[in-house]
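Laid out in structure tokens, this is it:
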């Protein structure tokens with residue numbers, strides 16, 4: 001009965017054995033395949049169609065054909081047939097397909113030298129230790145992520161809307177600020193003084209892009225107070241298509257100031273307006289109202305900031321200045337179905353103390369049979385200096 005070596009499983013020549021050369025050649029054949037071993041590929045499952053003497057493969061799970069039942073073995077072509085060798089822990093094989101040397105660890109074949117296999121690592125610690133939560137941990141003065149010839153994106157992905165994808169800033173391992181998608185798809189920034197209680201400072205609605213400042217008092221003008229425009233009046237709409245605004249020289253809420261019939265309202269006026277201090281920043285203007293007659297096809301609206309010497313009334317000399325905040329527009333204000341509303345996003349900073357006023361007239365497509373009305377109010381989003 002033939003016995004074998006414990007490590008390489010080579011057959012011994014027994015005493016008084018006949019045809020000793022057969023056993024000796026079998027041992028040499030296995031040594032030739034195993035020592036300085038090389039395989040055509042790893043985890044192969046289908047035998048090749050062409051057999052080349054001395055070629056070997058490492059077999060993967062559930063191989064087929066002549067390899068069936070030899071999961072994890074090394075299959076070699078020897079003597080025109082298949083020789084299957086079971087590798088032991090510590091064996092090394094050159095992977096010709098990948099161009100790397102692999103060693104059998106008992107749980108898999110790890111690469112030795114060359115380009116390491118960095119896929120599916122349990123964790124990576126750079127100058128520190130990673131753990132099951134922080135799979136990537138870096139201890140350094142700085143971390144650089146740069147482009148590879150173009151742009152560069154840092155992506156933080158979450159599984160669903162109620163999960164969190166955010167950046168957390170800590171002090172002494174205690175959270176102080178967090179920004180990202182925390183518990184919803186709205187973008188938010190929140191801060192904390194103790195790491196346990198967070199206050200939301202800013203939120204951007206994912207659906208509309210609207211920005212809110214949940215922790216900012218709305219009564220403090222220096223923090224962006226919302227103020228009503230100082231006109232809650234009835235605007236007269238005349239058949240001669242004149243610009244008009246509420247008058248400041250009457251106690252009647254129905255009176256209006258005639259601002260002319262030109263392409264722009266006249267600069268010489270005395271109408272109700274909203275006083276704005278120098279340096280105030282306006283980011284949004286909302287108008288809402290209803291048109292009283294189907295004679296009005298649509299409206300032209302101009303919102304302006306006028307400043308300069310008052311001298312008991314605005315004049316049209318060169319010292320009177322006017323900036324256009326919203327150019328004459330007609331979109332969305334021609335529907336006779338109750339209240340209509342338009343929202344203008346603007347970016348205007350008052351260069352001096354002055355007044356915002358709104359001029360309105362019936363658009364050219366209107367056919368007014370007489371004086372009509374537009375009942376209007378407004379809202380302005382403004383940040384004013386102290």
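Residue numbers (full-length UniProt numbering): 1 to 386. Built from N, CA and C at the ideal position, the CB exists for glycine as well. Every value quoted in this text rests on a predicted model; they were computed, and no experiment measured them.
Practice item. Note down the Cα distance separating residue 38 from residue 82, rounded to an integer number of angstroms. Key: Taking the straight line from one Cα to the other gives about 16 Å.
Review point. Does the distance from the C-beta atom of residue 244 to that of residue 357 stay below 7 Å?
Key: no
Check your understanding: Using 8 Å as the Cβ pair cut-off and three pairs as the minimum, do the stretch 66 to 74 and the stretch 120 to 134 touch?
Key -> Short answer: they don't touch.
Practice item. Would you kindly work out how many angstroms separate the C-alpha atoms of residue 285 and residue 341, rounded to a whole number? Key: 11 Å
Point to revise | Three CB pairs or more closer than 8 Å across the stretch 262 to 279 and the stretch 287 to 300 | key: Flag = no, the stretch 262 to 279 and the stretch 287 to 300 do not touch.
**Study point:** Distance between beta carbons of residue 184 and residue 214, contact taken as under 8 Å
**Key:** Not a contact, Cβ separation roughly 13 Å.
Practice item. Kindly give me the distance between the Cβ atoms of residue 188 and residue 202, rounded to whole angstroms, as I take these residues to be in contact under 8 Å. Key: 7 Å
Check your understanding: Can you give the beta carbon distance from residue 266 to residue 259, rounded, assuming they're within the 8 Å contact cut?
Key -> 5 Å
**Study point:** Nearest-angstrom Cα separation, counted from residue 242 out to residue 155
**Key:** If you take the alpha carbons of residue 155 and residue 242, they lie about 56 Å apart.
Point to revise | C-alpha distance - residue 223 paired with residue 384, whole-angstrom precision | key: Low confidence applies here, because residue 223 scores a pLDDT of 45, under 50, leaving its location unreliable; read the following figure in that light. Using only the alpha carbons, I get a separation of about 8 Å.
Point to revise | Every unbroken alpha helix (DSSP H) within the stretch 234 to 278, with a cutoff of 4 residues, ordered by chain | key: none
Practice item. Determine which residues share a DSSP beta bridge with residue 100 and list them. Key: 95
Practice item. Assign residue 300 to one of two classes, buried (16 or more other C-beta atoms within 10 Å of its C-beta) or exposed (fewer than that). Key: Buried, by the Cβ-count rule.
Practice item. Classify residue 310 as helix, strand or coil using the three-state DSSP reduction. Key: Shown here, residue 310 sits in coil according to DSSP, grouped into three states, outside any helix or strand.
Review point. Helix, strand or coil: how does DSSP classify residue 190 here?
Key: strand
**Study point:** DSSP-derived helix/strand/coil call for residue 365
**Key:** coil
Review point. What do you reckon, are the CB atoms on residue 177 and residue 166 nearer than 7 Å?
Key: Their beta carbons are not under 7 Å apart, which means residue 177 does not touch residue 166 by this criterion.
Review point. Residue 166 lies in the beta strand (DSSP E); which residues open and close that run?
Key: 164 to 171
Check your understanding: Hey, residue 101 and residue 91 are a contact pair by Cβ (cut 8 Å); roughly how many whole angstroms apart?
Key -> Actually they are not in contact, since the Cβ atoms of residue 101 and residue 91 sit about 11 Å apart, beyond 8 Å.
Exercise for review: Please state whether DSSP places residue 135 in a helix, a strand or coil.
Suggested key: In the structure shown, residue 135 sits in coil (DSSP, three-state: anything other than H, G, I, E or B).
Check your understanding: Counting along the chain, where does the beta strand (DSSP E) carrying residue 81 start and finish?
Key -> 81 to 85
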